[in-house]
Amino acid sequence: MTSYAAMLVLSGVVLNALAQFLLKMATNKVGVIEVSSALSLGAMSALFLQWPMILGLFCYGFSLLIWLMALSRVDVTLAYPMLAIGYVINAFAAQYFLNEPVSLQRWVAIGVIVLGVALLARS
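For the sequence shown, my numbering begins at 138 and goes up steadily by one.
This is how it looks when you write it as C-alpha coordinates:
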(Lines of atoms letter the chains of each structure in order from A and count residues from 1; the text may use other names and numbers.)
(Lines give C-alpha, C1' and ligand atoms only; values in the text may rest on other atoms or scores of the structure.)
Protein backbone atom coordinates (compact mmCIF):
# COMPACT_ATOMS: atom_id res chain seq x y z
CA MET A 1 0.00 0.00 0.00
CA THR A 2 1.41 3.38 -0.96
CA SER A 3 1.68 6.12 1.65
CA TYR A 4 -1.04 8.09 -0.16
CA ALA A 5 -3.39 5.10 -0.10
CA ALA A 6 -2.61 4.52 3.59
CA MET A 7 -3.40 8.17 4.29
CA LEU A 8 -6.73 7.81 2.49
CA VAL A 9 -7.62 4.66 4.44
CA LEU A 10 -6.66 6.23 7.76
CA SER A 11 -8.50 9.47 6.94
CA GLY A 12 -11.63 7.51 6.03
CA VAL A 13 -11.42 5.51 9.25
CA VAL A 14 -10.91 8.59 11.43
CA LEU A 15 -13.75 10.50 9.77
CA ASN A 16 -16.05 7.49 10.14
CA ALA A 17 -15.16 7.19 13.83
CA LEU A 18 -15.68 10.93 14.32
CA ALA A 19 -19.09 10.65 12.67
CA GLN A 20 -20.10 7.87 15.09
CA PHE A 21 -18.91 9.90 18.06
CA LEU A 22 -20.83 12.99 16.93
CA LEU A 23 -24.01 10.98 16.36
CA LYS A 24 -23.67 9.57 19.87
CA MET A 25 -23.30 13.11 21.24
CA ALA A 26 -26.49 14.10 19.43
CA THR A 27 -28.48 11.13 20.69
CA ASN A 28 -27.25 11.72 24.24
CA LYS A 29 -28.80 15.18 24.07
CA VAL A 30 -32.27 13.90 23.07
CA GLY A 31 -32.26 10.70 25.12
CA VAL A 32 -33.61 7.30 24.17
CA ILE A 33 -35.24 7.20 20.75
CA GLU A 34 -38.27 4.93 20.56
CA VAL A 35 -39.96 3.78 17.35
CA SER A 36 -42.93 6.03 18.06
CA SER A 37 -40.72 9.11 18.54
CA ALA A 38 -38.58 8.17 15.54
CA LEU A 39 -41.68 8.63 13.42
CA SER A 40 -42.42 12.02 14.97
CA LEU A 41 -41.37 15.03 12.91
CA GLY A 42 -40.83 17.09 16.05
CA ALA A 43 -38.56 14.50 17.67
CA MET A 44 -36.56 14.01 14.51
CA SER A 45 -36.15 17.73 13.92
CA ALA A 46 -34.93 18.08 17.52
CA LEU A 47 -32.32 15.44 16.74
CA PHE A 48 -31.32 16.41 13.21
CA LEU A 49 -31.02 20.15 13.85
CA GLN A 50 -28.29 19.75 16.47
CA TRP A 51 -24.76 20.69 15.46
CA PRO A 52 -23.28 17.27 16.42
CA MET A 53 -25.80 15.53 14.15
CA ILE A 54 -25.20 17.91 11.24
CA LEU A 55 -21.43 17.65 11.59
CA GLY A 56 -21.65 13.87 12.05
CA LEU A 57 -23.63 13.45 8.84
CA PHE A 58 -21.14 15.70 7.03
CA CYS A 59 -18.27 13.55 8.33
CA TYR A 60 -20.07 10.43 7.08
CA GLY A 61 -20.50 11.91 3.63
CA PHE A 62 -16.92 13.11 3.43
CA SER A 63 -15.61 9.79 4.77
CA LEU A 64 -17.55 7.99 2.02
CA LEU A 65 -15.82 10.06 -0.67
CA ILE A 66 -12.41 9.42 0.86
CA TRP A 67 -13.22 5.74 1.34
CA LEU A 68 -14.12 5.38 -2.34
CA MET A 69 -10.78 6.94 -3.26
CA ALA A 70 -9.05 4.49 -0.92
CA LEU A 71 -10.90 1.45 -2.29
CA SER A 72 -9.87 2.40 -5.81
CA ARG A 73 -6.24 1.98 -4.70
CA VAL A 74 -6.28 -0.76 -2.03
CA ASP A 75 -7.64 -4.31 -1.90
CA VAL A 76 -10.88 -4.43 0.08
CA THR A 77 -9.46 -7.38 2.05
CA LEU A 78 -6.83 -5.01 3.40
CA ALA A 79 -8.80 -1.76 3.61
CA TYR A 80 -12.05 -2.94 5.19
CA PRO A 81 -10.54 -4.55 8.31
CA MET A 82 -8.73 -1.26 8.95
CA LEU A 83 -12.14 0.17 9.90
CA ALA A 84 -11.62 -1.68 13.19
CA ILE A 85 -9.30 1.16 14.20
CA GLY A 86 -12.49 3.17 14.62
CA TYR A 87 -13.40 0.96 17.60
CA VAL A 88 -10.18 1.96 19.31
CA ILE A 89 -10.63 5.67 18.56
CA ASN A 90 -14.21 5.68 19.80
CA ALA A 91 -13.43 3.74 22.97
CA PHE A 92 -10.91 6.39 24.01
CA ALA A 93 -13.19 9.25 22.92
CA ALA A 94 -16.27 7.82 24.64
CA GLN A 95 -14.41 7.22 27.88
CA TYR A 96 -12.71 10.61 27.90
CA PHE A 97 -15.41 12.91 26.50
CA LEU A 98 -18.68 11.10 27.27
CA ASN A 99 -17.60 9.46 30.55
CA GLU A 100 -18.67 6.05 29.30
CA PRO A 101 -17.21 3.18 31.32
CA VAL A 102 -14.82 0.92 29.42
CA SER A 103 -14.23 -2.32 31.32
CA LEU A 104 -10.98 -4.26 31.41
CA GLN A 105 -12.58 -6.92 29.22
CA ARG A 106 -13.35 -4.28 26.58
CA TRP A 107 -9.76 -2.95 26.72
CA VAL A 108 -8.44 -6.49 26.23
CA ALA A 109 -10.75 -6.96 23.25
CA ILE A 110 -9.60 -3.61 21.83
CA GLY A 111 -6.00 -4.77 22.29
CA VAL A 112 -6.79 -7.86 20.22
CA ILE A 113 -8.25 -5.60 17.52
CA VAL A 114 -5.07 -3.49 17.51
CA LEU A 115 -2.92 -6.61 17.17
CA GLY A 116 -5.09 -7.85 14.31
CA VAL A 117 -4.89 -4.55 12.46
CA ALA A 118 -1.11 -4.39 12.99
CA LEU A 119 -0.75 -7.92 11.63
CA LEU A 120 -2.94 -7.09 8.67
CA ALA A 121 -1.01 -3.91 7.90
CA ARG A 122 2.20 -5.92 7.66
CA SER A 123 0.75 -8.26 5.04
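All C-beta atoms, glycine included, are put in the ideal place defined by N, C-alpha and C.
Where do the N-terminal and C-terminal ends of the alpha helix (DSSP H) with M190 fall, by residue? W188 to L208
Alpha-carbon spacing of V251 relative to W244, whole angstroms: For the pair V251 and W244, the Cα-to-Cα distance works out to about 10 Å.
Thinking C-alpha only, which one of C196, L145 and Q187 is nearest I203? Nearest C-alpha to I203: L145.
Within the continuous alpha helix (DSSP H) that includes M181, where are the two ends? L178 to F185
Is the segment 185 to 193 touching the segment 206 to 226 in the sense that three or more CB pairs, one from each, lie closer than 8 Å? no
From M181 to V151, what does the alpha carbon distance come to, in whole angstroms? 26 Å
Please determine, among M162, A143 and T139, the residue with the shortest C-alpha to C-alpha distance to F234. Closest by alpha carbon: M162.
Nearest by alpha-carbon distance to T117: which of A255, I191 and A142 is it? Because the chain in this structure spans residues 138 to 260, residue 117 falls outside the shown range and cannot be described.
Comparing C-alpha positions only, which one of K166, Y217, G168 and F199 sits nearest to L155? If we check each option's Cα against that of L155, F199 comes out closest.
Between I170 and S260, what straight-line distance do the alpha-carbon atoms span, to the nearest angstrom? Going by the C-alpha atoms only, they are around 42 Å apart.
What residues in its chain sit with their C-beta under 8 Å from that of L147, if we drop five residues either side in the sequence? M219 and I222
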